[in-house]
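Everything on this sheet refers to the single structure shown next.
Residue numbers (our numbering), protein chains in the order written: chain A, 1 to 331; chain B, 332 to 662.
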């Protein structure tokens, strides 16, 4: 029976279309035969010894030669800090020059690994790198929001093999982020509660959609998941900004993220996916009412005209079934 | 130079990333060799003589045997009118039963045609069919919004060859539609103007992004286009609902839509695309402040982690250049 479900965290409706629904294993795509990927490629700008193929690094964990993670400016940036910040208004046509930062986080020296296959320590290095860059760019003048994200596979918008994430720092608060912040603020004004804390509490109580729970984090499929196998990774401690994560939380997040992605990797045979960190804009305090999280969005279906014409998603997997499927994948 | 641009019509920012920008002809994808598509397939549920392969039709133009367009319920509906409408609330978990309508509009009896290749009269039949179904479903109890859309090609979410559109009627107003309506209402309250009329007037004055203009319609690429080659088809007459379109406007819209899609077809070698009609929710009057339009969204690039993490799009084509390119395609 199809059903529309309301997502309280982001104030959106989703159609859970069980009429066209698939069982969890139906989402495993037949893969083309891919030749094994080597540990090193001499034309890959992100492989060790090829550092000169990318712009000079802005951050590194480890030695110049034996590094563990590296951050470099994106060679084809969407925004650039070489630009002066300038606002123009010509009648209804408002613009801001493309000032900002666009960086690539090289997650690991090995060309052919994945977070799902890394050691906990290696994933910890990635999260630590995220935090360091986030903190450093938060202090940069004219930066309003920092979006950390990962694209894995062609359906997720990348054909680069070498494991990498990206970071874009923008000179405006993206309207959707503003709108979610307003929603969280009003929710707090009305109920005295952080909507993130409350949704987490209710999902843990309901249990059916929880995939992983540790002392400090929970991974669950939202009641109104946008896409099949969407997972949210929420810290249990109330924190508005990702930058507030402490050392033991970095350690725990690394372990939980690795398990969540391993379950996807094993359960659905290495599907394409994006993940993104949803944090409060950098100049907002929002101490009381915003809650950062990491959202994992597998790219198993293609949004079409209905989604583009209504902003509403059709999800063809029942979140409870998908969560049970991943809970049962041993990692 | 990259630039952020503000879209007044929908209150969103877009990054026009000229640093990673492409020239218009770079968007032409190398097509796989496709065998010619036949005019008829005996296993296609939308070809004449195969009518029994789909559920009984809800509307038809023409005779039962020599029809011009047909409307049938979607065999795998996202929403269904067999459902009773029922709201459930369980703590924070709100749902509505999947009541609604999901129909397929078979645009033409020929299996291997496209709107770009049809006669004006054939396209007129499609628009007339849209209007008839829109009007009929507007009167149905519990229907709040009607979304008419088209998916063309795998990147746009369909692998069906037979030319078809779809219609989904929902028991709630999708939040994004509500939010755009609120924006238009406030804009009217503040300025006394319909934001659609005003954007149209300014785009016609600016000229650079206009692709087609007739007495009653304009086709332009928005100043802050979400995706490369996005086109809006706006009626010049102020109308909140698509259902208000009159006979001569149907005739003119058919001709303009056909030319716009032909330009895409010829200019970019039959790219995958969606289009969708953005109309006011059915129980709103909005006479003064809402303006319906048709939005054409070619699927030439893949939204990735940044778009999913911020709601903001990165467009790698300059709308002025893309508009000039399509203006110069003869049809």
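Every residue, glycine too, gets a C-beta built ideally from N, C-alpha and C.
Note that this is a predicted model, so its numbers are computed, not measured.
- Linking residue 50(A) to residue 61(A) through their CA atoms gives a straight-line distance of about 17 Å.
- Between the C-alpha atoms of residue 424(B) and residue 22(A) there is a straight-line separation of about 23 Å.
- Separation of residue 251(A) and residue 122(A) (C-alpha to C-alpha, rounded to the nearest whole angstrom) is 10 Å.
- Within its own chain, the residues whose Cβ lies closer than 6 Å to the Cβ of residue 514(B), once the five positions on either side in sequence are excluded, are 342, listed in chain order.
- At least 8 Å separates the CB of residue 144(A) from every CB of chain B.
- The beta carbons of residue 591(B) and residue 558(B) sit no closer together than 8 Å.
- Excluding residues up to 5 positions away in sequence, 111, 112 lie with their Cβ nearer than 8 Å to the Cβ of residue 38(A) in the same chain.
- For residue 464(B), the enclosing alpha helix (DSSP H) covers residues 451-469.
- Note on residue 162(A): 16 or more other CB atoms within 10 angstroms of its CB, so buried under the neighbour-count rule.
- In this structure, 603(B) is the residue among 388(B), 568(B), 603(B), 489(B) with its C-alpha nearest to the C-alpha of residue 630(B).
- The way I'd put it, the stretch 461-477 of chain B does touch the stretch 430-441 of chain B; three or more beta-carbon pairs between them come closer than 8 Å.
- Rounded to the nearest whole angstrom, the C-alpha separation of residue 660(B) and residue 598(B) is 6 Å.
- Residue pairing from DSSP leaves residue 610(B) without any beta-bridge partner.
- Residue 257(A) is a Cβ neighbour of residue 233(A), given a cutoff of 8 Å.
- Looking only at 458(B), 601(B), 622(B), 428(B), the smallest Cα-Cα distance to residue 524(B) is reached by 622(B).
- Around the Cβ of residue 84(A), a 10 Å sphere holds fewer than 16 other Cβ atoms; the residue is exposed.
- Around the beta carbon of residue 641(B), a 10 Å sphere encloses 16 or more other beta carbons of the protein chains shown; the residue is thus reported as buried.
- By the Cβ criterion, the stretch 74-83 of chain A is not in contact with the stretch 310-326 of chain A, since fewer than three pairs of Cβ atoms, one from each stretch, lie closer than 8 Å.
- Taking CB atoms only, residue 346(B) has a neighbour in chain A less than 8 Å away.
- Each of 465(B), 420(B), 422(B) was checked against the Cα of residue 436(B), and the nearest Cα belongs to 465(B).
- Taking a contact to require three or more Cβ pairs closer than 8 Å, the stretch 146-153 of chain A and the stretch 276-285 of chain A qualify as touching.
- Per the coordinates, the alpha-carbon of residue 594(B) lies some 38 Å from the alpha-carbon of residue 26(A).
- Annotation for residue 116(A): 261, 262, 265 place their beta carbon closer than 6 Å to its own, counting only its chain and skipping 5 residues before and after.
- Annotation for residue 626(B): the continuous beta strand (DSSP E) segment containing it runs 624-629.
- At a cut-off of 8 Å between beta-carbon atoms, residue 199(A) makes contact with chain B.
- Within the stretch 48-60 of chain A, contact with chain B at the beta-carbon level (separation under 7 Å) is assigned to no residue.
- Residue 516(B) sits in a helix when the DSSP states are folded into three classes.
- In this structure, 231(A) is the residue among 198(A), 176(A), 231(A) with its C-alpha nearest to the C-alpha of residue 212(A).
- The beta carbon of residue 334(B) sits closer than 8 Å to the beta carbons of 346, 347, 349 from its chain, once the five residues preceding and following it are set aside; these are given in chain order.
- By the neighbour-count criterion, in which a residue is buried when 16 or more other Cβ atoms sit within 10 angstroms of its Cβ, residue 174(A) is buried.
- DSSP, read as helix, strand or coil, puts residue 202(A) in helix.
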